[in-house]
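Residue numbers (the numbering used here): 485 to 601.
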């Protein structure tokens, strides 16, 4: 898990914020993304360094994603920026899913019909 989180964090560090578009709604959304990302990154990087983080401390990305999908672009030249924003959100979601994903202990077996006569 740690290796995957590290790889995703490296990918996030290398990713630039989408440029500011002409579209006012999308521009405001990117401002929100910057604020969200700074909070998210602080939590994620503390987890990456083996600090304990509760899944409840890691913010949900669904509201951010939903607000992006509700935007109706007024400038078609901003479409490429919109797609960059979607890719950024997808990467944030992958990181969050990897951090909050709880794997069962190897000694704990799932109960199946094979376990019972």
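Using N, Cα and C, we set each Cβ at its ideal position, and we do this for glycine too.
Of all the options 569, 563, 544 and 543, which has the alpha carbon lying nearest to the alpha carbon of residue 515? Taking the chain shown and counting its residues from 1, one reaches residue 515 at position 31. The shortest C-alpha separation from residue 515 is found at 569.
Straight-line Cα distance separating residue 538 from residue 567: Mapped onto the chain shown, residue 567 falls at position 83. Mapped onto the chain shown, residue 538 falls at position 54. Roughly 31 Å between the two C-alpha positions.
The alpha helix (DSSP H) that contains residue 507, what's its start and end? By 1-based counting over the chain shown, the position of residue 507 is 23. Per DSSP, residue 507 belongs to no alpha helix (DSSP H) and is neither H nor E.
Does the segment 489-497 come close enough to the segment 543-554 to have 3 or more Cβ pairs within less than 8 Å? no
Could you check whether the segment 575-584 touches the segment 519-531, counting it as contact only if at least three pairs of C-beta atoms, one from each stretch, sit closer than 8 Å? Proximity of the segment 575-584 to the segment 519-531 meets the contact definition, three or more beta-carbon pairs being nearer than 8 Å.
What are the boundary residues of the alpha helix (DSSP H) that residue 566 is part of? The residue labelled residue 566 in the question sits at position 82 within the chain shown. Residue 566 -> alpha helix (DSSP H) spans 563-584.
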